[in-house]
Amino acid sequence: MNKLSMGDKAASSRVNHWVDPSFSDLTGESFSLPGRRKGLCSQAESKRPRKRKGAESRSDPHISALLKELAHRDQDEPWVDRYSPCSQTELAVHKKKIEEVENWMRTHTNASKGGILLLTGPSGCGKTATVQVLSQELGLRIQEWVNPTNVEPYSSSQQEWRTNGMSCSSQQAQFQDFLLRANKYSCLRMAGDDGATDRKLILVEELPNQFYRHPSNLHDNLRRFVKTSRCPLVFIVSDSLSGDSSSRLLFPRDIQEELDISCISFNPVAPTTMMKVLTRISTLEAGKSCGRMCVPDKSVLEMLCSGSSGDIRSAVNSLQFSSLPDTSLEKDLWRLKKDRPVASASKTVSRTTQRKRKSKQTKEQEEEQAIGGKDASLFLFRALGKILHCKRRNHEDVEAADVAPAPALPSHLCHHHRETLLVDPELVVERSHMSGEFFNLYLHQNYLDFFSQVEDVARASEYLSDADLLTSDWTSRSTMQEYGSSVATRGLLHSNSQQVCVGFRPLHKPNWLLISKRHRENCLAAQSLFRNFCLAPVSLQTELLPYLAKLTNPMRNQAQIAFIQDVGYMSLRSFSSRLKLEALTDKEPGQLETDGEEEEQKDEGQGGAEDGLPASQPQPTTNPALLEEELIIEEYDSD
Amino acid sequence: MSLWVDKYRPTSLGKLDYHKDQASQLKNLVQCGDFPHLLVYGPSGAGKKTRIMCLLRELYGAGVEKLRIEHQTIVAPSKKKIEINTIASNYHLEVNASDAGNQDRVVIQELIKTVAQSQQIQSSTQREFKVVLLTEVDRLTKDAQHALRRTMEKYMSTCRLILCSNSTSRVIGPIRSRCLAIRVPLPSTEEVCNVLTSVCKKEGLLLPPELAKQISEKSGRNLRKALLMCEACRVQQYPFSADQDVPETDWEVYLRETANAIVSQQSPQRLLEVRARLYELLTHCIPPDIIMKGLVTELLRNCDGQLKTEVSHMAAYYEHRLQLGNKAIYHLEAFTAKFMAMYKKFMEDGLEAMMF
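Quick mapping for you: the protein sequence lines, in order, are chains F and H.
The numbering of the first sequence is this note's numbering, which starts it at 7 and goes up by one.
The numbering of the second sequence is this note's numbering, which starts it at 465 and goes up by one.
Below, the structure is given as structure tokens:
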């Protein structure tokens with residue numbers, strides 16, 4: 007909204023006075039350089055953040071000329087920038103992680119040969135900040151790749167072409183150039199430069215879009231880079247929960263091994279660390295503003311902290327927003343929440359010792375958050391763990407709590423008594439970003455490991471069967487899906503009566519989709535290969551084929567022979583010869599690529615004979631959700 | 465070289481080996497001239513298709529045996545293309561509409577329409593109607609069955625339907641009442657033995673009566689299976705010996721082992737193993753309902769009389785769910801788990817009773 011932010015900093019600040027901002031009535035002086043990451047204020051606090059780009063730091067006299075204006079406007083600078091960490095101790099990242107990154111950087115800057123580092127983690131967990139701080143401490147320059155903005159239409163060919171005397175090449179080519187140059191040439195030494203270093207680090211946070219479509223191009227570039235690399239190259243890729251994990255796509259395992267890419271993954275910022283940072287910022291701000299600013303109390307901070315789900319950037323942003331000087335808008339926002347924090351504050355006195363429980367309560371209330379609430383989400387691995395491990399409140403905990411005990415169940419129902427759950431199953435499923443059906447499949451694949459009693463298993467499996475029944479009809483599936491997943495998750499939780507602490511168990515991806523696909527494909531293949539026997543599918547599959555395998559009848563063609571070899575025989579010795587369990591790793595999104603469409607096809611057929619694509623045909627790779635919808639519509643039309 | 469099943473299949477009503485009076489009734493039916501729609505039903509391997517083909521030959525002569533397999537593409541109103549295989553002669557068309565899944569209604573209507581709209585060229589020498597043979601009618605959706613009802617009436621003048629199914633229970637009433645129902649029961653053990661012996665004689669082999677009896681019992685009087693078994697015996701060993709092992713299909717053996725695994729131990733780990741075995745069966749093209757049925761049969765052998773009713777009740781319950789539900793493994797596994805729990809409790813109770 008502010009065009010001036012594009013201009014020179016000094017000019018814009020002067021100009022800012024001529025132009026009366028149209029929103030001035032809203033927030034006093036909120037108009038200034040919002041986007042620039044330039045430190046305008048080098049006054050006051052000792053904790054001045056260092057600039058992102060060392061080359062941009064200004065000499066003191068220049069800034070002192072602007073001091074007066076800056077005093078005004080420094081409150082408009084995003085706190086995220088102003089309080090960005092400038093030393094390791096300020097980083098809101100676990101010490102071990104920092105150490106890990108630091109070690110990598112040390113070893114790879116001292117060696118003459120560079121390497122590639124991949125940092126992953128959810129957004130706002132301090133990946134970039136860590137790199138910034140460490141490279142500053144190690145005396146490294148950061149050279150960062152920024153996607154160029156081409157006005158000209160994008161040319162898919164990599165050759166340069168000329169329009170209006172401007173040369174324009176594809177982003178991809180430019181990226182390649184950038185890597186080459188950054189690797190080959192060291193930085194120019196400028197007059198004002200204090201840095202005595204010419205060691206540097208190449209940082210890539212965004213990648214040309216083309217690479218997402220054809221990751222192999224990136225891999226080629228990297229291979230070339232690795233051959234000649236002289237300085238370390240750091241990629242920062244945020245994890246996404248929406249299914250397409252870009253880090254997995256861009257840097258698959260084999261490439262990581264081939265190019266010797268080290269991968270360090272960050273966790274969301276821990277609540278305690280986040281609280282520390284938020285408290286520090288709010289006290290600093292409070293001291294500076296001398297009461298002009300409404301400083302949020304502790305409970306508010308806690309709420310912000312829990313609502314941000316480990317994203318420190320969003321937490322700091324919402325802290326800044328929530329402590330803006332009075333405006334009508336802001337009042338309203340707070341009034342909504344006022345009653346709740348007060349209520350909880352009164353309780354706080356009584357249970358200062360039970361920090362655990364309190365934090366849990368605030369966690370439950372995060373939906374009420376008005377400001378800065380971030381959609382919390384869980385990786386599938388953790389979501390499954392939450393259901394399968396079935397965490398319930400401890401007995402001592404219950405007694406310690408001053409909550410009135412719920413009325414006890416009558417004696418004949420006593421065996422149904424369970425302690426209070428610590429998880430909300432529906433919430434877990436919702437946050438796993440998965441349809442209930444797929445979540446159930448994952449649960450089904452893994453639940454047996456967590457049970458010790460057959461009776462419990464019998465009940466759990468019945469609940470799963472119920473859940474399948476609920477969602478069986480496609481006309482009502484969209485409505486029933488949630489009920490289905492609710493039945494399955496709660497059923498599993500309830501039926502696990504012997505809460506054994508099983509420790510870590512590996513989780514696996516469901517086999518069912520693969521199996522049902524094979525079943526379908528084999529059935530289709532059987533029917534098409536042995537069509538001349540003119541048999542109904544069932545008798546073909548259960549009578550003819552197994553005996554054909556035992557007979558010496560010459561088959562007509564190779565395909566028939568191969569099929570008989572494959573399907574007609576069963577190995578009686580081994581338990582599961584073909585079934586390979588695919589372990590579900592941490593942070594892996596659910597595999598939904600082909601599953602959705604297969605599901606739909608399965609539904610179309612009533613019994614053994616369904617229509618579907620035979621194995622030889624190329625499988626469409628459209629978005630599963632889209633395809634599912636299309637198919638449903640088709641069915642509806644024809645009915 | 466074709467299979468014995470195909471090689472020695474009788475081709476005329478007169479040559480049928482069993483249910484001879486029914487064959488003569490069918491012959492009379494053809495000779496009377498007026499020919500209603502037929503609903504032929506009976507268990508698998510009883511000879512329904514054979515009988516129908518004989519009937520068609522009786523109607524049209526040897527021309528019906530010139531079969532051609534056609535691949536037809538039908539476009540549904542929703543512009544979806546449905547591909548289906550048909551087997552046809554000049555006089556009849558055989559189709560398994562349930563291959564088309566949900567779209568079977570369209571298939572039935574379109575196919576019958578095209579057949580019925582073309583008149584026979586020489587109606588003086590030939591019958592004035594063609595025959596559409598629909599197999600596996602019991603697998604048709606309700607929708608398709610209702611469509612079939614309307615189509616049946618509409619094209620009565622040029623087209624007769626012969627429906628073939630395993631049971632009438634899933635065929636809707638209106639269709640049942642429009643057809644002449646013909647039940648083809650399984651042949652008796654003796655009849656199976658006779659067929660086996662005569663086939664072996666034609667092959668120039670000597671089949672000991674004991675082995676014939678054993679085969680016919682093992683096959684469950686399913687003649688197709690019996691012939692396949694007999695041929696497999698021939699491959700296994702010739703000359704036949706009376707106490708020779710009759711080869712069973714691999715999946716049946718596998719299923720029995722699975723049932724034994726269930727009975728021998730009841731624990732979540734064992735259930736996990738059983739699940740892997742069920743998956744294996746499924747990948748070998750064994751339909752889930754057959755797995756369920758086979759599993760129950762095997763399990764019941766290991767059960768006490770009192771437990772039997774409970775187990776079969778559970779089996780029926782979960783088999784029903786299997787039909788309604790989406791993913792078979794949930795229900796198969798639920799049944800297995802339930803059986804495990806039941807069996808374990810039964811064994812523990814029995815143990816306690818022994819102790820005191």
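Even glycine gets a Cβ: it sits at the ideal position worked out from N, Cα and C.
Spatially closest choice to R399 (chain F) from F:R259, F:V429, F:P416, by CA coordinates: With distances taken between Cα atoms, R399 (chain F) lies closest to F:V429.
Would you be able to state if there are at least three C-beta pairs under 8 Å between the stretch 502-514 of chain H and the stretch 526-540 of chain H? Fewer than three beta-carbon pairs drawn from the stretch 526-540 of chain H and the stretch 502-514 of chain H are found closer than 8 Å, and the two stretches are therefore not classed as touching.
Please list, in chain order, all residues of the same chain as C237 (chain F) whose beta carbon is under 8 Å from its beta carbon, the five residues on each side excluded. Once the five neighbours on either side are set aside, the close Cβ partners of C237 (chain F) are T115, G120, A188, N189, R205, K206, L207, I208.
Provide the residue span of the beta strand (DSSP E) that contains V469 (chain H), from first to last. That residue, V469 (chain H), is in no beta strand (DSSP E); its alpha helix (DSSP H) goes 468-471.
Along the chain, where does the alpha helix (DSSP H) containing R642 (chain H) start, and where does it finish? That run of the alpha helix (DSSP H) goes 637-642.
Does K484 (chain H) come out as helix, strand or coil in the three-state DSSP assignment? In the structure shown, K484 (chain H) falls within a helical segment according to DSSP collapsed to helix, strand and coil.
Determine the direct distance from the alpha carbon of K484 (chain H) to that of I679 (chain H), and round the result to whole angstroms. Each residue's alpha carbon lies about 23 Å from the other.
Pull up the DSSP beta-bridge partners for V539 (chain H), would you. Answer by DSSP bridge pairing, in chain order: H:K545.
Below 7 Å on C-beta distance, what does V243 (chain F) contact in chain H? Those do not exist, as V243 (chain F) stays about 35 Å from chain H at its closest Cβ, beyond 7 Å.
Ordered along the chain, which non-local residues of its own chain (more than five positions away) have a Cβ less than 6 Å from that of S582 (chain F)? At S582 (chain F) the pLDDT is 45, less than 50, meaning the model places this residue with poor confidence; the figure from the coordinates comes in the next sentence. There are no such residues.
Take the Cβ of V137 (chain F) as the centre, count every other Cβ of all protein chains shown within 10 Å, and call the residue buried at 16 or more, exposed below. With 16 or more other Cβ atoms from the protein chains shown falling within 10 Å of its own Cβ, V137 (chain F) counts as buried.
Could you please tell me which residues of the stretch 491-523 of chain H, in chain order, have their CB closer than 9 Å to any CB of chain F? Of all residues in the stretch 491-523 of chain H, S508, G509, K513 have a Cβ within less than 9 Å of some Cβ in chain F.
Do we get a CB-CB distance below 8 Å when we pair P416 (chain F) with the residues of chain A? Absent from the structure is chain A; the protein chains it does hold are F and H.
Pull up the DSSP beta-bridge partners for C529 (chain F), would you. Bridge partners of C529 (chain F): none, in fact.
Ignore the nearest five residues each way along the sequence and tell me which others in S508 (chain H)'s own chain have a CB closer than 7 Å to its CB. Within its own chain, the residues whose Cβ lies closer than 7 Å to the Cβ of S508 (chain H), once the five positions on either side in sequence are excluded, are N630, N686, listed in chain order.
Could you give the first and the last residue of the continuous alpha helix (DSSP H) run that contains T234 (chain F)? T234 (chain F): member of the alpha helix (DSSP H) spanning 221-234, first to last residue.
With DSSP run on the structure shown, which of helix, strand or coil describes S18 (chain F)? Its pLDDT being 42, under 50, S18 (chain F) is placed unreliably by the model, and the measurement read from it follows with that caveat. Collapsing the DSSP output to three states places S18 (chain F) in a helix.
Counting contacts by CB-CB distance shorter than 8 Å, is N724 (chain H) in contact with chain F? Output row for N724 (chain H): interface = no.
Sorted by chain position, which residues of the same chain lie with C-beta nearer than 7 Å to R640 (chain H)'s C-beta, five sequence neighbours on each side aside? Scanning its chain for C-beta atoms nearer than 7 Å, with the 5 sequence neighbours on each side dropped, one finds around R640 (chain H) the residues L503, T632, in chain order.
Let me confirm a value: P512 (chain F) is counted as buried when at least 16 other C-beta atoms fall within 10 Å, else exposed. Which label applies? Classification for P512 (chain F): exposed.
Keeping to the same chain, check which residues put their C-beta closer than 6 Å to that of A645 (chain H); ignore five residues upstream and five downstream. Excluding residues within five positions, the ones whose Cβ falls inside 6 Å are L503.
Residues from the stretch 470-500 of chain F in contact with chain H, defined by Cβ distance under 7 Å: Only those residues of the stretch 470-500 of chain F whose C-beta falls short of 7 Å from the nearest C-beta of chain H are listed: L470, S471, D474, L475, T477, S478.
Chain-ordered chain F contacts of C643 (chain H) [CB-CB under 7 Å]: Contact of C643 (chain H) with chain F by beta-carbon distance below 7 Å is absent, the smallest such distance being about 19 Å.
Pair within 8 Å by beta-carbon distance, I572 (chain H) and N549 (chain H): By the CB criterion at 8 Å, I572 (chain H) and N549 (chain H) fall outside the cutoff.
For E681 (chain H) and T653 (chain H), which I take to be in contact (beta-carbon distance under 8 Å), what is that distance rounded to the nearest angstrom? Contact flag correct, Cβ pair sits at about 7 Å.
Taking 8 Å as the CB-CB cut-off, is Q609 (chain H) touching chain F? By this cut-off, Q609 (chain H) is not an interface position.
So L735 (chain H) packs on T800 (chain H), CB below 8 Å; how close in whole Å? Sure, about 6 Å apart at Cβ, within 8 Å.
Note down, in chain order, each residue of its chain lying with its Cβ closer than 8 Å to the Cβ of E737 (chain H), except the 5 sequence neighbours on either side. The beta carbon of E737 (chain H) lies closer than 8 Å to those of A725 in the same chain, with the five residues before and after it left out.
Contact set between P552 (chain F) and chain H, taken where Cβ atoms lie within less than 7 Å: Ordered by position in chain H, the residues that pass the 7 Å Cβ test against P552 (chain F) are T713, D714, W715.
What's the C-alpha gap between R388 (chain F) and L255 (chain F)? Cα-Cα distance, rounded: 21 Å.
Cβ-Cβ distance between A542 (chain F) and F569 (chain F) below 8 Å: Judged by beta-carbon spacing, F569 (chain F) lies beyond the 8 Å limit of A542 (chain F), meaning their Cβ atoms are not closer than that value.
In terms of alpha-carbon separation, which member of H:Q701, H:R647, H:T773, H:G527 lies closest to T475 (chain H)? Its Cα nearest to that of T475 (chain H), the residue H:G527 stands out among H:Q701, H:R647, H:T773, H:G527.
Measuring only the C-alpha atoms, how far is A706 (chain H) from Q700 (chain H)? When the Cα atoms are used, A706 (chain H) and Q700 (chain H) turn out to be separated by approximately 13 Å.
The stretch 806-814 of chain H / the stretch 470-486 of chain F touching (three or more Cβ pairs under 8 Å): Cβ pair count under 8 Å is below three, so no.
Got a sec? Which residues, its chain only, sit under 6 Å from E558 (chain H) by beta carbon, not counting five neighbours each side? The residues are I551, L597.
Starting from the beta carbon of A532 (chain F), find every residue of chain H whose beta carbon is closer than 9 Å, and list them in chain order. Within 9 Å Cβ-Cβ: C749.
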